[in-house]
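Enquirer: Residue numbers (my numbering): 848 to 1211.
Quick reminder that beta carbons are idealized off the backbone N, C-alpha and C, glycines included.
Structure provided below as structure tokens; questions to follow.
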Ligand code: PEP
Ligand code: MN
């Protein structure tokens, strides 16, 4: 993937004094009183740089609360004037962009249900031409890195270079714990392609419930994310959207106090221990690959043996046995069963591919 987007650092559009960017506010602006009171409480806690509010809500089913719309935008202006904090809202159409800018919203974000659709992203990009506003782009609903990157390219081509990514997790039918599977590896991959694009964690939409917010916030900080966007409502249980995942401004402050924030500078002792341990990992990874290569060599011989005796590649009983025994061995070595299972699925698939190749070749 090409990584040539010219994106400005966070510090070019917001002062956080070296701390992670903190965006907090209700899922939705519901009433003037609800939004202003929530904003005042957030400002009084002192952790936030930006107030968030959903003004237009993309809802899965019609008939749910779909946001107040334009009427809510003056509330954001009032909150900004009172608290001195910047404001942010989601935009999903060119009309939303036009209105948000008309009411001086400082930061726009593109929601997960919009990032999935290149037509919508392009329409938003077209409406942003000639505008200088920071835009945060949430990951698409489905785990597709290219779609996320494509949205960045479209908005960037429109001339926006104050950009940030929001990692809010992915829809996944197999997921049981989280509302949206974090799939951290996708965001980490994004960071390796675009190290200069700020990454902001959205534990609220990953979690779906309050009890999981802390671990997800900690994980985002452990991965060196540049900021957080967390939903906060003066009365979470009464919220018109996403009630189960919101925290009061005070509870959010208390949670943030329990988070370990990464250190900005390392001592030389720390660095040399880091280098030593990483060196050991490098060696072990090389050995791991050598073992894998030796295994493939045997697999190839096995393929030849099956071919010469006209036996099918896949024998289900054998595979079931491999599968259970490896998970057991892994468990006895204190390895996580699911990981061992996934690993051997991959190894097995590669073995089948190799053997099929051998089966279809002529004996030497
Ligand atoms: C939101 O931030 O309130 C929202 C709708 O999030 P997402 O686009 O991540 O679903
Ligand atoms: Mn929400």
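Could you tell me the boundaries of the beta strand (DSSP E) in which residue 1055 lies?
Expert: It is not in any beta strand (DSSP E) - residue 1055 carries neither H nor E in the DSSP assignment.
Enquirer: Per DSSP, what kind of secondary structure is residue 1079 in: helix, strand or coil?
Expert: Looking at residue 1079 - three-state DSSP - the assignment turns out to be strand.
Enquirer: Return the Cβ separation of residue 932 and residue 896 in integer angstroms, given the expectation that the two are a contact with Cβ distance under 8 Å.
Expert: So it is a contact: roughly 7 Å between Cβ atoms.
Enquirer: Closest to residue 852 by CA distance: which of 999, 904, 939, 919 is it?
Expert: Comparing Cα positions, the closest option is 999.
Enquirer: Can you name, in chain order, every residue of its own chain whose Cβ lies under 7 Å from the Cβ of residue 963, other than the five neighbours on each side?
Expert: Closer than 7 Å at Cβ, skipping near neighbours: 987, 988, 989, 994.
Enquirer: Kindly provide the ranges of any alpha helix (DSSP H) runs that are 4 or more residues long and lie completely inside the segment 860-938, ordered along the chain.
Expert: Counting whole runs of 4 or more residues, the segment 860-938 contains the alpha helix (DSSP H) stretches 879-892, 920-930.
Enquirer: Helix, strand or coil for residue 854, going by three-state DSSP, please let me know.
Expert: Of the three classes helix, strand and coil, the one that applies to residue 854 here is coil, per DSSP.
Enquirer: Can you have a look at residue 1145 and say buried or exposed, based on whether 16 or more other CB atoms are within 10 angstroms of its CB?
Expert: When all chains shown are included, residue 1145 counts as exposed.
Enquirer: Where residue 890 and residue 1088 are concerned, what is the direct C-alpha to C-alpha distance, given to the nearest angstrom?
Expert: Going by the C-alpha atoms only, they are around 22 Å apart.
Enquirer: Grab me the residues of residue 866's own chain with a C-beta within less than 8 Å of its C-beta, minus the 5 sequence neighbours each way, in chain order.
Expert: If we look at residue 866 and ignore the five residues flanking it on each side, its Cβ neighbours are 1108.
Enquirer: So residue 1110 is in the alpha helix (DSSP H); what residue range does that whole segment cover?
Expert: Note, residue 1110: premise wrong, no alpha helix (DSSP H); not H, not E.
Enquirer: Decide if residue 1029 is buried, meaning its Cβ has at least 16 other Cβ atoms within 10 Å, or exposed.
Expert: By the 10 Å Cβ count, residue 1029 comes out buried.
Enquirer: Could you tell me the alpha carbon to alpha carbon distance between residue 928 and residue 898, rounded to whole angstroms?
Expert: C-alpha separation (whole angstroms): 12 Å.
Enquirer: Residue 1174 to residue 1186, Cα distance in whole Å?
Expert: Their backbone Cα atoms lie some 9 Å apart in a straight line.
Enquirer: Apart from the five residues just before and just after residue 1183, which ones in its own chain have a Cβ nearer than 8 Å to its Cβ?
Expert: Cβ within range, chain order: 1177.
Enquirer: Tell me which same chain residues have a C-beta within less than 6 Å of the C-beta of residue 1096, skipping the five on either side of it?
Expert: Taken in chain order, the residues that qualify are 888, 889, 892, 1079.
Enquirer: Go through the residues and name those whose CB comes closer than 5 Å to any heavy atom of the ligand MN, in chain order.
Expert: This selection yields 874, 1089.
Enquirer: Per DSSP, what are the beta-bridge partners of residue 1011 in this structure?
Expert: Answer is 983, bridged to residue 1011.
Enquirer: Tell me the DSSP secondary structure of residue 963 in three-state form.
Expert: In this structure, residue 963 counts as coil in the three-state DSSP scheme.
Enquirer: Can you give me the start and stop residues for the beta strand (DSSP E) that residue 955 sits inside?
Expert: From DSSP, the beta strand (DSSP E) with residue 955 extends over 954-957.
Enquirer: Are residue 1106 and residue 871 close, meaning C-beta to C-beta below 8 Å?
Expert: Contact: no.
Enquirer: Can you give me the Cβ contacts of residue 886 inside the same chain, cut-off strictly under 6 Å, excluding the 5 residues immediately before and after it?
Expert: Counting only Cβ-Cβ distances below 6 Å, and skipping sequence neighbours, we find 898, 926, 930.
Enquirer: If you follow the beta strand (DSSP E) that residue 1046 is part of, which residue opens it and which one closes it?
Expert: Run containing residue 1046: 1046-1048, per the beta strand (DSSP E) assignment.
Enquirer: Tell me whether residue 1192 counts as near the ligand PEP, meaning its Cβ is closer than 7 Å to at least one heavy atom of that ligand.
Expert: Checking every heavy atom of the ligand PEP against the Cβ of residue 1192, none is found closer than 7 Å.
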